[in-house]
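What follows is a single structure, written as structure tokens, with notes after it.
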Amino acid sequence: MVTETGIVRVLSDSIRAQDETAPVTGDWVEIEEHEGLGAVISTILERTTSVNRRDPAQRDLEQILATNVELVGVVHGLDRPLPVGRLERLLVVAINSGAAPLVILTKADAAAAKDENGADECEAIVRSVCRDIPVVTTNIVDGTGLDELVGHVGAGRTLALIGASGVGKSALVNALAKEERLEVGSVRNVDAKGRHTTTARELVLLPGNAGLVLDTPGIRSVGLWEAEHALDLVFGDLDELSAGCRFHDCVHTSEPGCAITAAVADGTLDAKRVERYVALVAELAAQRQREHQRSYRPRR
Numbered sequence: 002m003v004t005e006t007g008i009v010r011v012l013s014d015s016i017r018a019q020d021e022t023a024p025v026t027g028d029w030v031e032i033e034e035h036e037g038l039g040a041v042i043s044t045i046l047e048r049t050t051s052v053n054r055r056d057p058a059q060r061d062l063e064q065i066l067a068t069n070v071e072l073v074g075v076v077h078g079l080d081r082p083l084p085v086g087r088l089e090r091l092l093v094v095a096i097n098s099g100a101a102p103l104v105i106l107t108k109a110d111a112a113a114a115k116d117e118n119g120a121d122e123c124e125a126i127v128r129s130v131c132r133d134i135p136v137v138t139t140n141i142v143d144g145t146g147l148d149e150l151v152g153h154v155g156a157g158r159t160l161a162l163i164g165a166s167g168v169g170k171s172a173l174v175n176a177l178a179k180e181e182r183l184e185v186g187s188v189r190n191v192d193a194k195g196r197h198t199t200t201a202r203e204l205v206l207l208p209g210n211a212g213l214v215l216d217t218p219g220i221r222s223v224g225l226w227e228a229e230h231a232l233d234l235v236f237g238d239l240d241e242l243s244a245g246c247r248f249h250d251c252v253h254t255s256e257p258g259c260a261i262t263a264a265v266a267d268g269t270l271d272a273k274r275v276e277r278y279v280a281l282v283a284e285l286a287a288q289r290q291r292e293h294q295r296s297y298r299p300r301r
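Converting from the sequence shown to this note's numbering requires adding 1 to each position, the first position being numbered 1.
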């Protein structure tokens with residue numbers, strides 16, 4: 002833990018002192034000295050933002066990845082295929098945090114080595130999905146995009162990076178910090194997938210007090226948690242189009258007078274995008290239904 006006097010090691014009494022709220026990276030806390038224990042976290046201050054997902058090990062449990070960040074950067078490596086559905090899910094997570102979303106494309110050099118048009122095509126797809134969300138393309142070999150990215154962060158602000166293993170998050174942090182702060186792992190040549198090199202979340206201060214970057218372990222499962230509003234923002238085009246549906250509760254599958262299925266039929270809307278949207282809406286609706294059922298379950 003970082004204090005005004007330096008880095009100190011502290012203990013957490015999460016059940017007794019914080020009403021079962023455990024501290025996570027990014028939290029502002031108060032500490033007290035306890036005899037025989039040393040420094041102990043006594044209070045977690047109110048969080049301004051919270052990057053969360055559904056815990057992959059528990060179907061209906063929230064997992065908080067980071068807190069009190071001003072930016073959430075969704076990172077994708079240009080050396081690999083772009084799974085659009087995964088990008089959409091990560092954007093929902095980023096927006097749902099309450100922080101400003103940002104998409105960071107890494108490994109532009111590797112993409113150029115494979116296909117000189119590949120990076121441009123991938124970037125075009127990303128920008129079509131992201132709409133008004135900023136997109137920064139980076140290359141740590143020649144420094145492309147790094148100054149632009151630091152400009153997005155700014156002094157006194159924190160950027161949290163989320164994305165799959167092997168997309169270049171740790172290498173990007175090292176390039177921004179201008180020193181080897183984090184271990185960088187290798188990726189398989191066959192599919193460019195990486196191993197979990199980052200196993201813990203860490204805050205790194207950028208040179209010249211230009212802000213902080215929070216690296217997170219690679220995310221395999223991107224389950225959403227109470228993210229209906231963020232979902233509407235990521236799929237804003239569909240949300241606007243649905244206003245023309247005949248029924249206000251249209252689920253955009255087989256209902257008559259559906260503006261979205263009509264747009265798919267005339268080729269102005271991608272059917273796969275609609276399928277992903279409908280699936281995510283159903284996922285969040287099922288989560289809400291389970292929460293409702295638990296709230297009415299009689300206690301023994």
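Think of the CB as a built atom: it goes at the ideal place given N, C-alpha and C, for glycine as much as any other residue.
Indicate whether residue 26 and residue 67 have their beta-carbon atoms separated by less than 8 Å.
In this structure, residue 67 lies closer than 8 Å to residue 26 by Cβ.
Excluding the five sequence neighbours on either side, which residues of its own chain have a C-beta within less than 7 Å of the C-beta of residue 211, listed in chain order?
Closer than 7 Å at Cβ, skipping near neighbours: 151, 154, 156.
Quick check on residue 170: buried or exposed, where buried means 16 or more other Cβ atoms within 10 Å of its Cβ?
A residue is called buried once 16 or more other Cβ atoms fall within 10 Å of its Cβ, and residue 170 is buried on that count.
Check whether residue 86 and residue 167 have beta carbons under 8 Å apart
Going by C-beta atoms, residue 86 is not nearer than 8 Å to residue 167.
Using 8 Å as the threshold, is the C-beta distance between residue 32 and residue 11 below it?
Yes; because the gap between Cβ atoms is below 8 Å, this pair is in contact.
Need the endpoints of the alpha helix (DSSP H) that residue 154 sits in, please.
That run of the alpha helix (DSSP H) goes 147 to 154.
Starting from residue 261, follow the beta strand (DSSP E) in both directions and report where the run begins and ends.
Note, residue 261: premise wrong, no beta strand (DSSP E); alpha helix (DSSP H) at 260 to 266.
Among 55, 125, 272, 207, nearest to residue 91 - alpha-carbon criterion
Closest by C-alpha distance to residue 91, out of 55, 125, 272, 207, is 55.
Can you give me the C-alpha to C-alpha distance between residue 42 and residue 216, rounded to a whole angstrom?
Our two residues, residue 42 and residue 216, have alpha carbons roughly 23 Å apart in a direct line.
Rounded straight-line distance, which links the Cα of residue 106 to that of residue 228
Distance between the alpha carbons of residue 228 and residue 106: 24 Å.
At the level of alpha carbons, what is the spacing between residue 63 and residue 52?
Taken atom to atom, the span from the alpha-carbon of residue 63 to that of residue 52 is near 10 Å.
For residue 255, three-class secondary structure by DSSP:
Residue 255: coil per DSSP, three-state reduction.
With distances taken Cα to Cα, identify the nearest neighbour of residue 223 among 65, 9, 139, 47.
Ranking 65, 9, 139, 47 by CA distance to the CA of residue 223 puts 65 first.
Assumed close pair residue 141, residue 172 - CB separation to whole angstroms, cut-off 8 Å:
Confirmed, about 6 Å.
State the start and end residues of the unbroken alpha helix (DSSP H) segment that holds residue 86.
It spans 85 to 97 - the alpha helix (DSSP H) in which residue 86 sits, taken as one unbroken run.
Which residues share a DSSP beta bridge with residue 53?
Assignment of beta-bridge partners to residue 53 by DSSP yields 65.
Under the rule that 16 or more other beta-carbon atoms within 10 Å means buried, what is residue 1, buried or exposed?
The shown model of the chain, from 2 to 301, leaves out residue 1, and the question about it has no answer.
Would DSSP call residue 160 helix, strand or coil?
Secondary structure at residue 160: strand, using DSSP grouped into helix, strand and coil.
Cα-Cα separation, residue 295 to residue 149:
Rounded to whole angstroms, residue 295 to residue 149 spans 47 Å at the Cα level.
With a Cβ-Cβ cutoff of 8 Å, do residue 254 and residue 282 count as a contact?
No. Outside cutoff.
Residue 1: first and last residue of the uninterrupted beta strand (DSSP E) it sits in:
Residue 1 lies beyond the stretch modelled for the chain, which goes from 2 to 301, so this question has no answer here.
Terminal residues of the beta strand (DSSP E) in which residue 43 lies:
Secondary structure note for residue 43: its beta strand (DSSP E) is the uninterrupted segment 39 to 45.
Look at residue 161 and residue 74 and say whether their C-beta atoms are less than 8 Å apart.
Cβ distance < 8 Å, so residue 161 and residue 74 count as in contact.
With 8 Å as the threshold, decide whether the Cβ of residue 172 is near any Cβ in chain B.
Looking for chain B here will not work: only one protein chain is present.
Exposed or buried, what is residue 237 when buried is set at 16 or more other beta-carbons lying within 10 Å of its beta-carbon?
By the neighbour-count rule (16 or more Cβ atoms within 10 Å), residue 237 is not buried but exposed.
DSSP beta-bridge partners for residue 140?
145.
At the level of alpha carbons, what is the spacing between residue 177 and residue 84?
In this structure, the CA atom of residue 177 is about 26 Å from the CA atom of residue 84.
Taking 8 Å as the cut-off, decide whether the C-beta atoms of residue 240 and residue 250 are in contact.
Residue 250 is positioned such that its CB atom lies no closer than 8 Å to that of residue 240.
Where residue 135 falls: helix, strand or coil (DSSP):
Three-state DSSP puts residue 135 in coil, outside helix and strand.
Could you have a look at residue 5 and say whether DSSP puts it in helix, strand or coil?
Three-state DSSP puts residue 5 in coil, outside helix and strand.
Pick helix, strand or coil for residue 230, following the three-state DSSP scheme.
Residue state, collapsed to three classes: helix.
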